[in-house]
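Here's the structure we're looking at; comments come further down.
Residue numbers (our numbering): 1 to 100.
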């Protein structure tokens with residue numbers, strides 16, 4: 001996707017890769033990631049409308065964000081369980097939906 005990645009991510013989290021070898025499941029994963037990207041764009045639009053001079057590229061990810069991302073990467077690497085990863089993503093998905 002076109003999502004910018006926060007600074008400070010481990011190299012393994014920056015590598016493009018497929019979540020699954022199943023083409024059907026990968027399409028589902030791609031749809032979820034697309035929805036996340038859409039919600040992030042809405043969130044950015046809302047931020048820019050409130051603070052027009054804000055440079056979003058200059059914002060560093062906080063410790064909690066980096067820990068959450070590392071947790072998700074490690075969770076997938078250890079389990080390869082997409083349902084478990086999707087469940088772990090739910091707070092993020094709900095939060096972005098609410099924020100936008």
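Note that CB positions come from ideal geometry on N, CA and C, so glycine has one too. Being a predicted model, the structure only gives us computed values, none of them experimental.
- For residue 30, the uninterrupted alpha helix (DSSP H) segment begins and ends at 23-50.
- In the structure shown, the three-state DSSP call for residue 61 is coil.
- The residue among 30, 48, 89 with its C-alpha nearest the C-alpha of residue 65 is 89.
- With a beta-carbon spacing of about 6 Å, residue 44 and residue 56 fall inside the 8 Å limit used to define contacts.
- For the pair residue 59 and residue 30, the Cα-to-Cα distance works out to about 26 Å.
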